[in-house]
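As structure tokens, the structure follows; a few thoughts come after it.
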Amino acid sequence: MKLENFSQFLTITENVPTELANYPQWVSWSGTLGENGKTRKIPISPKSGRFAQTNASGSWGTFEEAVEFSREHNLPGIGFVFSEHDDFVGIDFDDCIDSATGAVESEVLEVIQRLDTYTEISPSGRGIHVIAKGKLPAGSRKAGKVEIYDDRRFFTITGKSFNGTPAEVREKQNEIREVYQKLFA
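Numbering (my numbering), first residue to last: 1 to 185.
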């Protein structure tokens, strides 16, 4: 597997919510170019430099360790690992931003407005990550271009805040349940 070379560090660290930064659930990441032309993101342990595992906390580090390791090794950024030991939920919308106009799909905008929590643009510039506090009901985690997780997954974190959304991660249990039902029912 050949990892891509990146010329710049993509994370705006000062925009990363303190609530996330305080958890020792961080990895660095690199990528491989998939058959579909998309970058597959690979979590890297900031402690060992080996592949990190989303179910093995020993391969994670602090926010500071992940930032430092990524910069020292010319990696594009950092990622947060969702775990049973936190109350965070991440929603990943792929290819929802029109690269020509910057317009976001209306259904995605509805979710962003409904959750009213920390939201950022993904590394590709074509996706959206929404992070809230809460827990998911049992059931599917992926449908089409949408994935939603609260455990055993990592999200790349860019710190590229989406227009006018809160800078902090907010408690949104009821809204998460509603959004989950809408997206996965």
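For glycine and all other residues, C-beta sits at the position ideal for the given N, C-alpha and C.
query: With residue 189 and residue 122 assumed to form a contact (beta carbons below 8 Å), what rounded beta-carbon distance in angstroms separates them?
result: Nothing about residue 189 can be read from this structure; the chain reaches only from 1 to 185.
Name, in chain order, the residues that DSSP records as bridge partners for residue 187.
One cannot answer for residue 187 here, as it falls past the ends of the chain, which runs 1 to 185.
Determine the direct distance from the alpha carbon of residue 48 to that of residue 109, and round the result to whole angstroms.
39 Å
Q) In the structure shown, what three-state DSSP assignment does residue 146 receive? A) strand
Q.
In the DSSP assignment, the beta strand (DSSP E) including residue 132 goes from what residue to what residue?
A. 128 to 133
Beta-carbon contacts of residue 55 that lie in its chain and below 7 Å, excluding the five residues immediately before and after:
152
Notebook entry, point to check: Taking the alpha helix (DSSP H) that residue 184 falls in, what are its first and last residues?
Noted result: 173 to 184
Check: Residue range of the alpha helix (DSSP H) that residue 18 falls in?
Finding: Where residue 18 is concerned, the enclosing alpha helix (DSSP H) stretches over 18 to 21.
Endpoints, the alpha helix (DSSP H) within which residue 106 is located | 106 to 115
- Task: For residue 50, I'd like the list of residues in its chain whose CB is within less than 8 Å of its CB, leaving aside the five on either flank, ordered along the chain.
- Result: 44 and 59
Status (buried if at least 16 other CB within 10 Å, exposed otherwise) for residue 41
buried
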